[in-house]
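Participant:
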Amino acid sequence: MLRFSRVPSIARARAARLLPLALLATALFSPPAAAGEAFAWLDRMSNAIQDLNYRGTFVYQHNGKLDAMRIMHRGGEDSRQRLFALSGAAREVIRDQEGVTCILSDSKAVMVDRSLPRGPFAALPRDLEQLSRHYRFSLGDSDRMLQRRSQVVVIEPRDDYRYGYRFWLDSEHALPLRSELVTASGAALEQMMFTRLEVVKQIDDADLRPELGGEHFTRYEGPAAAAQEIPADADSGWEFAWLPPGFELRGHNWHGMPVSGQRVEHWVFGDGLATVSVYIEARDENTPPGLQGLSNMGAVNAMGRALEGYHVIVVGEVPAVTAERLALGVRRSE
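Counting with mature numbering (1 follows the signal peptide of the UniProt record, and there is no 0), you get residues -35 to -1, 1 to 299 for the letters of the sequence shown.
(1) For the alpha helix (DSSP H) holding D172, just list the boundary residues, first then last.
(2) Would DSSP call V165 helix, strand or coil?
(3) Using only CA atoms, which one of D16, D43 and A3 lies nearest to D170?
(4) I'd like to check one pair, G40 with R16: are the Cβ atoms closer than 8 Å?
(5) I think A267 touches V279, with their Cβ atoms under 8 Å apart; what is that distance to the nearest whole Å?
(6) Please report the distance separating the alpha-carbon of W207 from that of Y130.
(7) How should R47 be labelled, buried or exposed, when 16 other C-beta atoms within 10 angstroms of its C-beta is the threshold for buried?
(8) Could you give the distance in angstroms between the alpha-carbon of H38 and the alpha-carbon of S144?
(9) Have a look at A33 and R297 and give me their C-alpha separation to the nearest angstrom.
(10) Starting from L93 and walking both ways along the alpha helix (DSSP H), at which residues does that stretch end?
(11) Please return the same chain residues whose Cβ sits closer than 7 Å to the Cβ of G21, not counting the five positions on each side in sequence.
(12) In whole angstroms, give me the CA-to-CA distance for D78 and I68.
(13) Please report the distance separating the alpha-carbon of L134 from that of R215.
(14) Can you tell me whether DSSP reads T240 as helix, strand or coil?
(15) How about Q112 and G237: do their beta carbons lie closer than 8 Å?
(16) Thinking F23 and E176 are a contact (beta carbons under 8 Å), I'd like their distance in whole angstroms, please.
(17) By Cβ distance, which residues of its chain are closer than 7 Å to L31, with the 5 residues on each side in sequence left out?
(18) Quick one: is R174 buried, meaning 16 or more other Cβ sit within 10 Å of its Cβ, or exposed?
(19) Note the first and the last residue of the continuous alpha helix (DSSP H) segment covering V286.
(20) Given a threshold of 16 other Cβ atoms within 10 Å of its Cβ, counted over all protein chains shown, does V283 qualify as buried or as exposed?
(21) Among the residues of its own chain, which have a CB less than 6 Å from the CB of A13, if the five just before and after it don't count?
(22) How is the beta strand (DSSP E) around G235 delimited, first residue to last?
(23) What residues in its chain sit with their C-beta under 6 Å from that of I245, if we drop five residues either side in the sequence?
(24) Run through the DSSP bridge pairs and tell me what T22 is partnered with.
(25) Per the DSSP calculation, A74 is bridged to which residue(s)?
(26) What first and last residue would you give for the beta strand (DSSP E) that runs through W133?
(27) Once the 5 residues before and after Q62 are set aside, which same chain residues still bring their CB inside 7 Å of it?
(28) Can you give me the C-alpha to C-alpha distance between Q3 and L272, rounded to a whole angstrom?
(29) Apply the 10 Å Cβ neighbour rule to A153 and answer buried if 16 or more other Cβ atoms are within range, or exposed otherwise.
(30) Are V241 and T183 close, meaning C-beta to C-beta below 8 Å?
(31) Assuming contact is defined by CB atoms lying nearer than 8 Å, are A(-2) and S103 in contact in what I supplied?
(32) How far does the beta strand (DSSP E) with E176 in it extend, from its first residue to its last?
(33) Measure from the alpha carbon of Q116 to the alpha carbon of each residue in R123, A285 and L142, then state which is nearest.
(34) Take F114 as the anchor and find which of E121, G105, I120 and P122 has the nearest alpha-carbon.
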């Protein structure tokens, strides 16, 4: 059973029947020049995050906690990244072309997952007009961070079904010196801010090797290797009565859970920035009930419900109303 405590992190069609309505929609949703400038900054940020060699320390405020982290990143074709916690229990995260490895000292565990995304802006969509239907892009004022000039870029959601973002981008390299995940009303849910950042010519292999781990650590492999992709047009016997505007099917597969071997059907929906997952698993009288109702961990919200001998979980970095409404709209196909 996939429970919320174990979770790490269709198509929409519109037709304009009358010409005036079509013209009005074009006027409302065509991105203005300022949005294009903001998107150009975000494109630079996406490239900088992936391609540059950099190292530094940052603080991450989330779910009422404040974590300090050290980062080492090597860009290019041999991209590799290492995060090391400077506060709380010692832990490391290694990202490379193969996936993500988490090393947890307090539980003596090494967790490997080859399916985790590389972050929402690692592959920023190029279709600004499509994104502009659901977000407003704008430039804020110039600011100073770490004694550097920075450009503020704002992404505002047009509805309550997704979050927005604010970025303070280094004017020279476009790396994010500070970022915030915000609600539709502008309240910050999560914040990240660098306290030191260097762009360097190279990152040595030794800087990217984990410090933790050893013979007393237990290794856990994620289910991605055994995942079975399902064709987009396949009828799985389930349908979704509601999706947030702009959300489309991004992935659909079966997972075999590592311990129980139970198969879980998994859908991923997204609008180009936000993503949400739906998991459905068959249940019987011997299976624990799992998550029922709403639950959250900071910006991540989940909704679980029992449905005709199955358990449905919707989870993602989306508002609670999105997770709840999507979960309540899951039903058996007629």
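Built from N, CA and C at the ideal position, the CB exists for glycine as well.
These numbers come from a predicted model, not from an experiment.
Facilitator: So, to answer that:
(1) D170 to L173
(2) coil
(3) D43
(4) Looking at the sequence itself, residue 16 is Asp, so the reference to Arg does not match. Yes, the pair counts as a contact, with Cβ atoms nearer than the cut-off.
(5) 7 Å
(6) 25 Å
(7) Result: buried.
(8) 18 Å
(9) 45 Å
(10) L93 to L96
(11) I36, F159, R161, L162 and E163
(12) CA-to-CA, the gap between D78 and I68 works out to about 12 Å.
(13) If you draw a straight line from the Cα of L134 to the Cα of R215, it comes to about 29 Å.
(14) strand
(15) no
(16) Contact flag wrong, Cβ pair sits at about 18 Å.
(17) V24
(18) exposed
(19) A285 to L293
(20) A residue is called buried once 16 or more other Cβ atoms fall within 10 Å of its Cβ, and V283 is buried on that count.
(21) H138, A139 and L140
(22) R228 to G235
(23) E230, Y275 and V277
(24) R35 and R161
(25) L69 and T183
(26) Residues G129 to D135.
(27) S44
(28) According to the sequence shown, residue 3 is Ala rather than Gln. Between A3 and L272, the alpha-carbon positions lie close to 44 Å from each other.
(29) exposed
(30) no
(31) yes
(32) No beta strand (DSSP E) contains E176, which DSSP labels as neither H nor E.
(33) L142
(34) The question names Phe, but residue 114 is Arg in the sequence shown. Of the listed residues, the one whose Cα sits closest to R114 is G105.
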